[in-house]
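Counting from 21, one number per residue, gives the positions in the sequence shown under the working numbering. Where is the CB? At the ideal position from N, CA and C, for every residue including glycine. Worksheet for the structure shown next.
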Amino acid sequence: MTARTVGVMVLLAAALAACNDATSPAGTTGRIRVLNSVFQGNDVASAVPVAVDVLIDSSPGGAGLAGLAALALSGGNASGQGAGTHTGAGAMFTAAGYRDLPSGIHSFVARVNGTTASFFQTASGEYLPKQYLLPFPYTFILAGVDSTDPPDPAAVPWAMIPDDPFTPPADSAGGGLTARVQIVNAAPMADTTGAGLGTDITAIFASGTDTLPATASYRQSSGYINPRAGTYVVTFMSGTFLLHTDTVTFAKGEVRTLIVQSTAYAATPGPGNTKITNLLDNKW
Numbered sequence: 021m022t023a024r025t026v027g028v029m030v031l032l033a034a035a036l037a038a039c040n041d042a043t044s045p046a047g048t049t050g051r052i053r054v055l056n057s058v059f060q061g062n063d064v065a066s067a068v069p070v071a072v073d074v075l076i077d078s079s080p081g082g083a084g085l086a087g088l089a090a091l092a093l094s095g096g097n098a099s100g101q102g103a104g105t106h107t108g109a110g111a112m113f114t115a116a117g118y119r120d121l122p123s124g125i126h127s128f129v130a131r132v133n134g135t136t137a138s139f140f141q142t143a144s145g146e147y148l149p150k151q152y153l154l155p156f157p158y159t160f161i162l163a164g165v166d167s168t169d170p171p172d173p174a175a176v177p178w179a180m181i182p183d184d185p186f187t188p189p190a191d192s193a194g195g196g197l198t199a200r201v202q203i204v205n206a207a208p209m210a211d212t213t214g215a216g217l218g219t220d221i222t223a224i225f226a227s228g229t230d231t232l233p234a235t236a237s238y239r240q241s242s243g244y245i246n247p248r249a250g251t252y253v254v255t256f257m258s259g260t261f262l263l264h265t266d267t268v269t270f271a272k273g274e275v276r277t278l279i280v281q282s283t284a285y286a287a288t289p290g291p292g293n294t295k296i297t298n299l300l301d302n303k304w
């Protein structure tokens with residue numbers, strides 16, 4: 021776990037301890053969603069996306085998953101509506117891929133579907149990562165290129181990030197709340213050297229005179245930015261390479277995650293091998 025992740029978790033723990041709002045996710049239920057961006061092959065150029073198994077507390081049942089499809093997000097089965105106000109809305113945590121998981125210490129195994137060797141390896145062999153999950157939503161990122169058996173320790177390392185579905189700030193221009201948006205980088209083939217090692221991805225949101233950048237390191241979140249409600253042209257860049265461009269619209273009070281994934285190897289990464297998934301995590 022990175023120092024940055026530990027720091028974020030400490031801050032989130034403090035926020036939860038101070039929060040008595042009945043609409044918050046505080047309580048005894050954590051939530052986790054799993055993102056599969058694993059490739060397998062003899063080398064990077066021939067590697068293809070594959071299904072994975074995720075065992076939580078040694079089980080593929082419950083919040084675990086057997087055969088999570090290639091380039092897929094976990095099917096949600098969370099209880100409750102989410103942390104915000106949802107008049108007339110469905111269960112947002114479920115729609116965003118979250119699965120209920122009791123708060124506490126849990127162990128994790130992830131592997132290519134139908135195999136037995138976990139991705140989580142050290143020079144001494146397989147290890148079993150454990151983490152204390154707060155009553156909070158998390159995104160479990162499985163991203164990398166597996167070309168050995170057992171997997172190389174650097175192929176698909178442990179990567180769990182806490183999400184933050186709480187209220188966006190007030191719009192300084194008046195009229196309610198801004199939106200809140202994070203970028204999650206799960207794109208191993210965005211590496212401009214063609215090595216399948218991932219790289220930083222920057223998303224630039226442009227609308228009129230507003231231009232907001234957000235940069236996510238590989239297997240990490242950019243952290244949240246707070247765009248005003250409206251329509252933006254968003255451009256995703258890997259260094260000087262254009263990965264994707266699109267138009268997105270944010271409403272006041274929305275909390276969203278934009279996930280960047282690779283769909284295939286490309287000597288030059290670009291729109292042809294990049295997938296963007298836009299998730300509504302919450303609405304205030």
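> At what residues does the beta strand (DSSP E) containing residue 269 begin and finish?
Replying inline: For the purposes of this step, residue 269 is taken as residue 249 along the sequence shown, with counting starting at 1. Where residue 269 is concerned, the enclosing beta strand (DSSP E) stretches over 261 to 270.
>> Within a Cβ cutoff of 8 Å, which residues of the same chain sit near residue 278, ignoring the five residues on either side of it in sequence?
In response: Stepping through the sequence shown from its first residue, residue 278 is reached at position 258. 201, 202, 203, 204, 223, 254, 268, 296, 297, 298, 299.
> Excluding sequence positions up to five away, which residues of its chain have a Cβ less than 7 Å from the Cβ of residue 16?
Replying inline: Not covered by the structure: residue 16. The range shown for the chain is 21 to 304.
>> Rounded to whole angstroms, what is the Cα-Cα separation between residue 166 and residue 132?
In response: Stepping through the sequence shown from its first residue, residue 166 is reached at position 146. Stepping through the sequence shown from its first residue, residue 132 is reached at position 112. Roughly 9 Å between the two C-alpha positions.
> Which term fits residue 163, buried or exposed, when burial requires 16 or more other beta carbons within 10 angstroms of its beta carbon?
Replying inline: If you number the sequence shown from 1, residue 163 lands on position 143. Classification of residue 163: buried, given that the 10 Å Cβ count is 16 or more.
> Is residue 150 buried or exposed, if buried means 16 or more other CB atoms sit within 10 Å of its CB?
Replying inline: Taking the first residue of the sequence shown as position 1, residue 150 is located at position 130. Looking at its Cβ environment, which holds fewer than 16 other Cβ atoms inside 10 Å, residue 150 is exposed.
> If you count every other CB in all the chains shown that lies within 10 Å of the CB of residue 127, and 16 or more means buried, which is it?
Replying inline: By one-based count along the sequence shown, residue 127 stands at place 107. Burial call: exposed.
> Would you report the Cα separation of residue 51 and residue 234, rounded to the nearest angstrom?
Replying inline: Working through the sequence shown from its first residue, we reach residue 51 at position 31. Working through the sequence shown from its first residue, we reach residue 234 at position 214. Computed Cα separation, rounded: 25 Å.
> Do residue 115 and residue 56 have their CB atoms nearer than 7 Å?
Replying inline: Position 95 of the sequence shown, counted from the start, is the residue given in the question as residue 115. Position 36 of the sequence shown, counted from the start, is the residue given in the question as residue 56. The criterion of a C-beta distance shorter than 7 Å is not satisfied by residue 115 and residue 56.
>> What would DSSP say about residue 48, mapped onto helix, strand or coil?
In response: Along the sequence shown, read from residue 1 onward, the residue named residue 48 stands at position 28. If DSSP states are grouped into helix, strand and coil, residue 48 belongs with coil.
> With 16 other CB atoms within 10 Å as the buried threshold, where does residue 273 fall?
Replying inline: As a working mapping, residue 273 is identified with position 253 in the sequence shown. Buried, by the Cβ-count rule.
> From the DSSP output, which residues share a beta bridge with residue 157?
Replying inline: Within the sequence shown, the letter at position 137 stands for residue 157. For residue 157, which the question treats as bridged, DSSP gives the partners 51.
> Are the beta-carbon atoms of residue 170 and residue 210 separated by less than 7 Å?
Replying inline: For the purposes of this step, residue 170 is taken as the residue at position 150 of the sequence shown. For the purposes of this step, residue 210 is taken as the residue at position 190 of the sequence shown. Not a contact, by the Cβ cut-off of 7 Å.
> Going by Cα to Cα distance, which pick from 243, 112, 216, 177 is closest to residue 301?
Replying inline: Position 281 of the sequence shown holds residue 301. The option with the nearest alpha carbon to residue 301 is 112.
> Near residue 259, what residues of its chain come up, given a Cβ to Cβ distance below 6 Å and the 5 sequence neighbours on each side ignored?
Replying inline: Residue numbering aside, residue 259 sits at position 239 when the sequence shown is read from its first letter. 212, listed in sequence order.
> The alpha helix (DSSP H) spanning residue 86 covers which residue range?
Replying inline: Indexing the sequence shown from 1 puts residue 86 at position 66. Element bounds for residue 86: not the alpha helix (DSSP H) but the beta strand (DSSP E), 85 to 88.
>> Using CA atoms only, rank isn't needed, just tell me which of 160, 60, 123, 77 is closest to residue 94.
In response: Sequence index remark: in the sequence shown, residue 94 carries index 74 (1-based). Residue 160 is the option with its Cα nearest to residue 94.
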